[in-house]
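Please read the structure below before turning to the comments.
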Amino acid sequence: MGGAEAAAVRPVRGVDDLPELPGATRGAVVLRMAPFPSGALHIGNARMIVLNDYYRRKYDGKLLLVFDDTVGSEEKRVDAELFDVIRADLDRCEVPVDAVYYKSDRLPMHYAWAERVIALGATYVCLCPAATLQENRRAGIACAERAQPLGETHALWKKMLDGGFGPGDAVLRLKTDLAGPDPAFRDRVLFRISDLDHPRVGHRWRVWPLLEFSWAVDDIELGVTHVLRGKDLVMEDRMQRYLWDLLGIRGPPFVHWGLLRVREAKISKSKSYAEVKSGLYDGWADPRTWSLASLMRRGISVESVRAFTMSFGLSLADIEVPAETLYAENRVRIDPLARRRMYLDDPVEVVVDGFPPELTSVELPNHPDRPELGMRTVPAGGTFYLPRADVAAHPGETVRLKDLANLDLPARLPVSGPIRATFAGRENRRVPRLQWAGAAGVAQVDVLDLDGRHRQGLAEASMARAAPGDLYQFERVGFVRVESDWVPGTSPVRVCYGHP
RNA sequence: GCUCCCGUAGUCUAGUCCGGUCAAGGAUAUCGGGCCUUCGACCCGACAACGCGGGUUCGAAUCCCGCCGGGAGCACCA
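The first sequence begins at 187 in this note's numbering and counts up one residue at a time.
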């Protein structure tokens, strides 16, 4: 290496070097992740996980998992089953958490803080119907209750807590500037009433805080030093700061990232939820969910997802990236590990006239570049299965069974029965190369595809000796991973398609 | 409509805070070539970008103003 010249090369920031967090000190950083338990973690959540984990490690800090399980809404329900699913997802991603909290346990704390804010005269209990409230907010009009005396606010708040109001009848609102330029920020609702059954705490609470108020409380109470969240939550930052200013508290700084979408992954949490629950999807690891679990199932490693995510840094731009970018990231990691196998999607039987009888099998390397991965025996013989499309594409031509022998294909394919071809030597010729499986030894394979469908195909015999979790490259098809729950020795061998 | 954010090649991204070393770096895609009995991997090469218009300056991707384009928010969801 030319050392002197190397120094002149502009330093390129690697994926292991993201900007420092403001005011961060090693050993004194506390971060938190706050998933809403309504679905498994998916590729869209990767940034939250990877970035929080990255900074936690960078500063040797703590990472808290705080389930944002306030009661939600009719459209957005909490599902208790997802608490464990999400924790398993984090384990799978090798992201340990230092503590786990549930918002739904922390209501007394939220109420106590509410009293503090009420006492400041900064709030009022609004009795407007939701629609009226929104119209007034848009128009910048104060409703009658805004001027209510402090004593009345206290009384009405107590009435909310004591069950004197039905859902939707009263909310606690924060007084901001009604003439403020941003309509979204005007007199936000802090607490509302809901009778929805909560899977953890049932009907124990009926007055629930909204996200921004609960976090204004919890980020302080939990000692969070930096809030890392998507930029869809910037208005919530402002709310938290507003509340903290009101109470004379200096809260943690906020750091954001833009929305990340994978082009091929049209993620709909509600659709996934419905399909998983109905059984139409094969659980939360169904490839159609694009969940992190489903990516692992496909043989896409945690490291690949991490590198993929890190490459976007803390960019605030909303981006849409083709899945190919993730695949490319994974390919370089998976390629050295994946043993090569021949696989045929739509096999057709071909009998070869003049095939050398002594050529009953051939020894092939498991990996073209890594001899240390050993060899496998592929049964040959005079009868083969070949890809139908390839045979049809080369009528009357000479083709080569890869690594084995050349064949002359017939000009016309028979309507039924086996196709007859003629042996044409073993020398390596520059002719189309086909995958093949000797009829004397094949393994049935079931491939789970990205669209959730199963394809049945044939592979060379050695596939029968696969083990769960093994990675293979089906040559010219793509990388696959043997399903974790496949029982060795049973047929078909079940694999999940990964990517090209 | 209002508020905030963003705008570097097909797609991402570095650089923008502290203007010159950026006639703009990397990744991915695409196209060539090499290697190899894969359409995979690897190696070599090519293509290709600072949204537009003003201003400040000796000098602007970087600072200022205007415009245009894109996204998000304007929920008693998170």
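A virtual CB, placed ideally from N, CA and C, is assigned to each residue, including glycine.
Note that the structure is predicted; figures quoted are calculated from it, not measured.
Item to check | For N231 and L414, believed in contact at Cβ under 8 Å, the rounded distance | outcome: About 13 Å separates the two Cβ atoms, so there is no contact after all.
Checklist entry - Between the C-alpha atoms of A193 and R449, what's the straight-line distance to the nearest angstrom? => result Reliability fails at A193, whose pLDDT of 27 lies under 50, so the model's placement of it is uncertain and no value is given.
Checklist entry - Cα separation between P678 and T511? => result 32 Å
Item to check | Option nearest E506 by Cα separation, candidates I453, L250, R484 | outcome: I453
Item to check | Inter-residue Cα distance where the pair is R483 and V668 | outcome: 8 Å
Checklist entry - A214: buried (16+ other C-beta within 10 angstroms of its C-beta) or exposed? => result exposed
Checklist entry - Less than 8 Å separating the beta-carbons of A607 and P596? => result yes
Next on the checklist: For D373, which residues in the same chain have their Cβ closer than 7 Å to its Cβ, ignoring the five residues on either side in sequence?
Outcome noted: R323, R359, L360, K361, T362, L364
Checklist entry - Quick one, which of V585, E422, P522, H685 has its alpha-carbon nearest F399's? => result E422
Next on the checklist: Just to confirm my understanding: we take G200, look at its own chain, exclude 5 residues before and 5 after, and list those with CB closer than 6 Å. What are they?
Outcome noted: Residue placement at G200 is poorly supported in this model, since its pLDDT is 46, which falls under 50; the coordinates are not used for a value here.
Checklist entry - Any idea what DSSP makes of R199, helix, strand or coil? => result Low confidence applies here, because R199 scores a pLDDT of 41, under 50, leaving its location unreliable and the question unanswered by this model.
Checklist entry - Would you report the Cα separation of T676 and V375, rounded to the nearest angstrom? => result 59 Å
Checklist entry - What's the C-alpha gap between A451 and R474? => result 8 Å
Next on the checklist: I need the DSSP call for A566, collapsed to helix, strand or coil.
Outcome noted: coil
Checklist entry - Which whole-angstrom value is the C-beta distance of R390 and D381, which I expect to be below 8 Å? => result The Cβ separation is near 12 Å, so there is no contact.
Item to check | Identity of the residue in L481, P205, V441, L429 nearest A416 by Cα | outcome: The sequence shown places Gly at residue 416, rather than the Ala named in the question. Nearest option by C-alpha distance: V441.
Checklist entry - Nearest to E206 by CA position, among F222, P533, R243, R218, is which residue? => result R243
Next on the checklist: Once the 5 residues before and after D656 are set aside, which same chain residues still bring their CB inside 8 Å of it?
Outcome noted: R525, R667, V668
Next on the checklist: For D532, which residues in the same chain have their Cβ closer than 7 Å to its Cβ, ignoring the five residues on either side in sequence?
Outcome noted: P573, R574, A575
Checklist entry - Per DSSP, what kind of secondary structure is N614 in: helix, strand or coil? => result coil
Item to check | Start-to-end residues for the beta strand (DSSP E) that takes in P542 | outcome: No beta strand (DSSP E) contains P542, which DSSP labels as neither H nor E.
Checklist entry - Among V585, G624, V536, which has the Cα closest to the Cα of T563? => result G624
Checklist entry - Under 8 Å between the Cβ atoms of V171 and A220? => result Outside the shown range of the chain (187 to 686) lies residue 171, about which nothing can therefore be said.
Next on the checklist: With H, G and I counted as helix, E and B as strand and the rest as coil, what does DSSP make of W391?
Outcome noted: coil
Checklist entry - Does DSSP put R484 in a helix, a strand or coil? => result coil
Checklist entry - Buried or exposed: which applies to G664, given that a residue is buried once 16 or more other Cβ atoms fall within 10 Å of its Cβ? => result buried
Checklist entry - Taking the alpha-carbon positions, what's the D383 to V257 distance? => result 8 Å
Next on the checklist: Quick check on W430: does DSSP put it in helix, strand or coil?
Outcome noted: helix
Item to check | Reference W476, options D277, V216, D637, Q659, closest by Cα | outcome: D637
Checklist entry - With DSSP run on the structure shown, which of helix, strand or coil describes K457? => result helix
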